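If you count the sequence shown from 1, you need to add 12 to reach the numbering used here.
Glycine is no exception: its CB is placed at the ideal position from the N, C-alpha and C atoms.
Computed from a predicted model, the values in this text were never measured in an experiment.
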Amino acid sequence: RELSEIDLNAMLEEMADVISTFERVILNVHVPPSECGRLDLCPDLHDPNKLMHVGSTAVRSFIARHQPLADFAGHIHEGQGTAKIDRTQIFNPGSDYFAGILQGFVVRFAGSEVAEYVHIVR
13 RELSEIDLNA MLEEMADVIS TFERVILNVH VPPSECGRLD LCPDLHDPNK
63 LMHVGSTAVR SFIARHQPLA DFAGHIHEGQ GTAKIDRTQI FNPGSDYFAG
113 ILQGFVVRFA GSEVAEYVHI VR
């Protein structure tokens, strides 16, 4: 919400040259990528019975182009779970701070892949 999609894309792309030198890159952007299954779905403000995708097209585009190993998001609290964009594993723990529910993922990496993960709910 702090940046437009154009500005977020520019900020992400500024990192592209640097990250291309690393075997493993983990992205941590608060907003999830767009059109990522249920990870970016939330109730429509005009019709609460309808869900809409509200993820970032800039984040999705960056992931598609640069294929980081993983992306951790959290903005959409209703959208807990995982998804994949090509080789990139997307994580959204879906915490509900108002209810006092803190969730997260414990992830084990092996080389240049996600070996396993566990969704933790407290």
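Q: Spatial neighbours of K62 within its chain, please: CB distance less than 8 Å, with the 5 preceding and 5 following residues excluded, ordered by chain position.
A: Excluding residues within five positions, the ones whose Cβ falls inside 8 Å are P55, D56.
Q: Kindly give me the distance between the Cβ atoms of H58 and S46, rounded to whole angstroms, as I take these residues to be in contact under 8 Å.
A: Not a contact, Cβ separation roughly 19 Å.
Q: Keeping to the same chain, check which residues put their C-beta closer than 7 Å to that of Q92; ignore five residues upstream and five downstream.
A: When the five nearest sequence neighbours on each side are left out, the beta carbons in the same chain lying within less than 7 Å of the beta carbon of Q92 are those of N104, P105, G106, Q115, in order along the chain.
Q) According to DSSP, what are the bridge partners of S68? A) BP columns for S68 point to P45.
Q) Going by Cα to Cα distance, which pick from M27, L81, L53, V71 is closest to L15? A) Checked all of M27, L81, L53, V71; the closest Cα to L15 is V71.
Q) So, helix, strand or coil for V30, using DSSP? A) V30: helix per DSSP, three-state reduction.
Q) Which of helix, strand or coil does DSSP assign to A122? A) The DSSP-derived three-state label of A122 is strand.
Q. What separation, rounded to the nearest whole angstrom, lies between the Cα atoms of M23 and V118?
A. Looking at the two C-alpha atoms, the distance is approximately 27 Å.
Q: Give the DSSP-derived three-state secondary structure of E35 in the structure shown.
A: The answer is coil: DSSP assigns E35 none of H, G, I, E or B.
(Q) According to DSSP, is N61 part of a helix, a strand, or is it coil? (A) Of the three classes helix, strand and coil, the one that applies to N61 here is coil, per DSSP.
Q. Can you list, in chain order, the residues of its chain whose CB lies under 7 Å from that of V43, leaving out five sequence neighbours each side?
A. Excluding positions up to five away in sequence, the list reads G67, S68, V71, A85, H87.
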